[in-house]
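Number of protein chains: 2
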Amino acid sequence: MKLDQVRAFIAVVETGSFRSAATAIHKTQPSISASIKSLEEQYDILLFDRDSYRPTLTAAGHSFFQQSKKLLSQVQQLESLGHNLSHGVDMPLRICLSQMTLTSNCMQKIKQFTQLHPHISLDITTGHMHGVQETLLKDQSDIAIGPRYGLDDRHAFTELMTVNMVTVIHPDLLEELNTIGGKSSGKIKQQQLYPIPQILVSNPSRSNKNNDGYQHLLATGKRWFVSDFNAKKTLLLNGFGWARMPRHIIKENLDSGELIAIDIEQFASTSEMPVLMIRLRNQTRSHQANLFWDFMKP
Amino acid sequence: MKLDQVRAFIAVVETGSFRSAATAIHKTQPSISASIKSLEEQYDILLFDRDSYRPTLTAAGHSFFQQSKKLLSQVQQLESLGHNLSHGVDMPLRICLSQMTLTSNCMQKIKQFTQLHPHISLDITTGHMHGVQETLLKDQSDIAIGPRYGLDDRHAFTELMTVNMVTVIHPDLLEELNTIGGKSSGKIKQQQLYPIPQILVSNPSRSNKNNDGYQHLLATGKRWFVSDFNAKKTLLLNGFGWARMPRHIIKENLDSGELIAIDIEQFASTSEMPVLMIRLRNQTRSHQANLFWDFMKP
DNA sequence: TAAAACGATCAATAAAAATGATCATATTAT
DNA sequence: ATAATATGATCATTTTTATTGATCGTTTTA
Numbered sequence: 001m002k003l004d005q006v007r008a009f010i011a012v013v014e015t016g017s018f019r020s021a022a023t024a025i026h027k028t029q030p031s032i033s034a035s036i037k038s039l040e041e042q043y044d045i046l047l048f049d050r051d052s053y054r055p056t057l058t059a060a061g062h063s064f065f066q067q068s069k070k071l072l073s074q075v076q077q078l079e080s081l082g083h084n085l086s087h088g089v090d091m092p093l094r095i096c097l098s099q100m101t102l103t104s105n106c107m108q109k110i111k112q113f114t115q116l117h118p119h120i121s122l123d124i125t126t127g128h129m130h131g132v133q134e135t136l137l138k139d140q141s142d143i144a145i146g147p148r149y150g151l152d153d154r155h156a157f158t159e160l161m162t163v164n165m166v167t168v169i170h171p172d173l174l175e176e177l178n179t180i181g182g183k184s185s186g187k188i189k190q191q192q193l194y195p196i197p198q199i200l201v202s203n204p205s206r207s208n209k210n211n212d213g214y215q216h217l218l219a220t221g222k223r224w225f226v227s228d229f230n231a232k233k234t235l236l237l238n239g240f241g242w243a244r245m246p247r248h249i250i251k252e253n254l255d256s257g258e259l260i261a262i263d264i265e266q267f268a269s270t271s272e273m274p275v276l277m278i279r280l281r282n283q284t285r286s287h288q289a290n291l292f293w294d295f296m297k298p
Numbered sequence: 001m002k003l004d005q006v007r008a009f010i011a012v013v014e015t016g017s018f019r020s021a022a023t024a025i026h027k028t029q030p031s032i033s034a035s036i037k038s039l040e041e042q043y044d045i046l047l048f049d050r051d052s053y054r055p056t057l058t059a060a061g062h063s064f065f066q067q068s069k070k071l072l073s074q075v076q077q078l079e080s081l082g083h084n085l086s087h088g089v090d091m092p093l094r095i096c097l098s099q100m101t102l103t104s105n106c107m108q109k110i111k112q113f114t115q116l117h118p119h120i121s122l123d124i125t126t127g128h129m130h131g132v133q134e135t136l137l138k139d140q141s142d143i144a145i146g147p148r149y150g151l152d153d154r155h156a157f158t159e160l161m162t163v164n165m166v167t168v169i170h171p172d173l174l175e176e177l178n179t180i181g182g183k184s185s186g187k188i189k190q191q192q193l194y195p196i197p198q199i200l201v202s203n204p205s206r207s208n209k210n211n212d213g214y215q216h217l218l219a220t221g222k223r224w225f226v227s228d229f230n231a232k233k234t235l236l237l238n239g240f241g242w243a244r245m246p247r248h249i250i251k252e253n254l255d256s257g258e259l260i261a262i263d264i265e266q267f268a269s270t271s272e273m274p275v276l277m278i279r280l281r282n283q284t285r286s287h288q289a290n291l292f293w294d295f296m297k298p
């Protein structure tokens with residue numbers, strides 16, 4: 001397949017005839033004929049129906065056209081990239097941060113990096129849960145920073161820090177718990193929590209097959225799924241349930257007593273969740289990506 | 001730009017040398033040199049650093065390589081499509097249905113279509129809200145069926161039917177309302193509903209700028225966002241709030257008294273929501289798509 | 001009914017790509 | 001150290017490919 005052949009094909013479709021296509025892309029009509037013929041012979045398909053005066057796309061030709069358009073837009077992207085690169089326009093370094101990692105600690109380190117390398121432009125996006133690693137796989141980011149959830153052997157990673165996770169609940173709900181369940185202090189039994197929903201952050205966009213990584217689920221409790229930590233926090237503050245939260249997000253609410261940290265029997269109520277810096281193992285890394293990786297690496 | 005040049009470039013990157021690249025793609029080394037040189041001159045960039053013995057990618061070369069890989073995968077898609085088309089493999093017709101439209105009425109019409117055209121393979125996906133129209137724009141579907149939300153002038157549509165929307169609430173909550181608010185029958189005042197959350201289906205994946213289409217929001221009430229109608233139904237059945245629902249989804253719950261239809265003052269409590277069949281205006285349509293469109297059109 | 005536009009075809013020509021030989025240099029192996 | 005091997009650039013030559021202009025039989029348009 002030659003690009004010029006595809007260009008000729010598209011020109012014919014869009015101008016409606018071989019001749020007009022020829023003038024449109026500055027070639028001669030026989031040249032267009034040859035290009036179409038070559039495509040048709042190469043794949044053993046009929047792109048145009050020549051029975052009528054004007055060439056009309058066959059069903060196969062229609063599918064081929066749509067895909068051809070995609071190909072050509074990809075070509076144009078590559079060509080404009082080529083031209084941009086000659087003018088010193090670098091590709092931005094794309095970082096995807098898990099909401100969980102938005103601590104001043106981590107952000108300051110990134111800010112230091114930007115100050116150290118002011119010529120490197122950073123594209124920073126945020127995501128939740130597996131979504132962070134998915135941006136790597138979908139080539140929407142070069143480096144991701146997030147929890148261990150959803151990693152497999154395609155990912156390489158290094159631990160950056162840990163986030164203190166704490167199990168919290170609204171004081172009203174806690175009181176309700178104690179009046180029903182029994183003891184007013186000490187550890188809470190798992191059974192006591194069953195009637196109260198656990199609020200979890202989920203990624204509803206993709207139904208993930210493997211449920212690994214959810215090591216912090218209460219086995220039979222009711223569960224609520226929200227889309228991000230802010231929604232989770234809102235629900236918590238309104239007393240809709242209990243949840244595990246990064247301490248830095250709800251620190252002020254803990255201090256003011258709007259939320260209470262609780263301790264559950266046989267359940268990792270507070271824990272240090274590792275935050276990883278992640279990249280794809282088999283992908284060639286840009287120089288900027290390597291600089292960032294080495295700078296952030298502990 | 002020639003495809004062979006890009007292929008040569010990628011081969012060099014992946015094999016590590018011009019000579020090995022030559023053998024890998026069955027060309028000679030001078031040919032590879034010429035290809036790379038041509039690319040470099042065309043865009044006025046340096047792809048490889050030749051100072052060292054082995055050619056190593058420059059920063060520009062690295063960016064160019066990543067984009068080149070994408071291009072080539074697009075090429076392979078087109079080529080395999082070409083070969084498939086010759087063996088009579090048609091592209092499936094991709095329909096995206098809003099969850100709201102999953103009435104037996106609509107589904108039966110689609111089933112009739114499949115029986116009428118057994119050779120046309122249908123790919124059916126479902127989505128929520130704007131997500132349905134987005135599949136069109138992202139070229140993930142050929143025809144969408146869903147509500148009016150999020151349409152703009154890129155879309156062409158025709159009304160298929162209407163779905164009866166009804167405002168419902170859990171009987172316990174209704175009782176609570178009446179004891180607090182006053183009357184035990186007749187219309188409910190908007191103010192009475194403020195303390196009870198309205199449950200809405202949202203599309204959290206994309207933060208949509210224009211809030212048009214949400215004509216059924218109570219101005220100052222609390223709001224809950226869930227990802228689909230099933231979640232909404234679950235919340236309703238558990239008495240978490242009130243919501244507007246397609247009648248066909250909760251018909252049985254209304255009959256059994258698990259949910260109660262309510263009437264709110266100055267609020268379109270029950271209404272007929274139009275369900276549209278939607279396609280992109282400027283996109284060439286496949287024969288299958290036209291067949292489907294004409295069949296479904298009232 | 002005449003004129004214009006269409007696509008297919010073909011021999012001739014122009015352009016481009018691939019080739020093989022050769023060179024200077026860098027890396028290995030001995 | 002030294003010989004052997006491997007690397008990329010260069011160039012004249014050949015081969016392949018693309019393009020052209022002319023022409024033919026149609027179909028559409030005026």
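Chains A and B supply the protein sequences, listed in that same order.
Sequential numbering from 1 applies to the first sequence in UniProt numbering.
Sequential numbering from 1 applies to the second sequence in UniProt numbering.
For every residue, glycine included, the Cβ atom is placed at its ideal position computed from N, Cα and C.
Source: prediction; values computed, not measured.
- Gly88 of chain A carries a coil assignment under DSSP once its states are collapsed to helix, strand and coil.
- Those residues of the segment 74-105 of chain A placed with their C-beta closer than 7 Å to a C-beta in chain B are Gln74, Val75, Gln77, Leu78, Glu79, Leu81, Gly82, His83, Leu85, Ser86, Asp90 and Met91, ordered along the chain.
- In the three-state DSSP reduction, Leu122 of chain A falls in the strand class (E or B).
- Annotated as distal: Val275 of chain A and Lys232 of chain A, with beta-carbon spacing of 8 Å or more.
- DSSP links Met161 of chain B through a beta bridge to B:Val275.
- Not flagged as an interface residue toward chain A: Gln191 of chain B, since no C-beta distance is shorter than 8 Å.
- For Ser269 of chain A, no beta strand (DSSP E) encloses it, and the DSSP letter there is neither H nor E.
- In the structure shown, the three-state DSSP call for Arg94 of chain A is strand.
- In this structure, Ala243 of chain B and Val168 of chain B form a Cβ contact; the two beta carbons are roughly 7 Å apart against a cut-off of 8 Å.
- Residues are counted here when their Cβ sits less than 9 Å from a Cβ of chain A; for the segment 106-133 of chain B the count is zero.
- A Cβ-Cβ separation of about 33 Å leaves Val132 of chain B out of contact with Ser86 of chain B under the 8 Å criterion.
- The C-beta of Ile199 of chain B comes no closer than 8 Å to any C-beta of chain A.
- According to the DSSP assignment, Met296 of chain B belongs to the alpha helix (DSSP H) that extends over His287 to Met296.
- Residue pairing by DSSP places Gly127 of chain B opposite B:Ser98 in a beta bridge.
- Between Gly127 of chain B and the set B:Tyr53, B:Ile260, B:Leu93 and B:Thr101, the nearest pair of CA atoms involves B:Thr101.
- Between Val6 of chain B and Leu71 of chain B, the C-beta spacing is below 8 Å.
- Ser256 of chain A has its alpha-carbon roughly 19 Å from the corresponding atom of Gly241 of chain A.
- Taking 8 Å as the threshold, the shortest C-beta distance from Ser63 of chain A to chain B falls below it.
- For the segment 263-294 of chain B, the set of positions with a beta-carbon nearer than 7 Å to some beta-carbon of chain A reads Thr284, Ser286 and His287 in chain order.
- Scanning B:Thr15, B:Phe113 and B:Pro195 for the CA closest to the CA of Gln288 of chain B turns up B:Phe113.
- In terms of Cα proximity to Pro55 of chain A, the closest of A:Gln66, A:Ala11 and A:Gly88 is A:Ala11.
- Your pair Gln266 of chain B and Gln190 of chain B checks out as a contact, with CB atoms roughly 7 Å apart and the cut at 8 Å.
- Under the 10 Å beta carbon count, Leu116 of chain B is surrounded by fewer than 16 other beta carbons and is classified as exposed.
- Per the coordinates, the alpha-carbon of Pro171 of chain B lies some 36 Å from the alpha-carbon of Ile124 of chain B.
- Within the segment 28-54 of chain B, contact with chain A at the beta-carbon level (separation under 8 Å) is assigned to Leu39, Gln42, Tyr43, Asp44 and Ile45.
- DSSP, reduced to helix, strand and coil, places His155 of chain B within a strand of the structure shown.
- About 20 Å separates the CB atoms of Met1 of chain A and Glu14 of chain B; that is not less than 8 Å, and the two are not in contact.
- Using a CB distance cut-off of 8 Å, Ser68 of chain A counts as an interface residue toward chain B.
- By the rule that beta-carbons nearer than 8 Å mark a contact, Lys2 of chain B touches chain A.
- Proximity to Glu40 of chain A across A:Gly61, A:Tyr53, A:Ala21 and A:Ala24 peaks at A:Gly61, based on C-alpha coordinates.
- Arg244 of chain A sits in a strand when the DSSP states are folded into three classes.
- Measuring C-alpha to C-alpha distances from Asp90 of chain B to each of B:Pro30, B:Pro118 and B:Ser31 identifies B:Pro118 as the nearest.
- Asp4 of chain A sits in a helix when the DSSP states are folded into three classes.
- For Leu71 of chain A, the neighbours in chain B by C-beta distance under 9 Å run, in chain order, Leu71, Gln74, Val75, Gln77 and Leu78.
- In the displayed model, Thr179 of chain A falls within a helix according to three-state DSSP.
- When B:Gln67, B:Ala59, B:Gly146 and B:Val75 are compared, the shortest CA-CA separation from Gly88 of chain A is found for B:Ala59.
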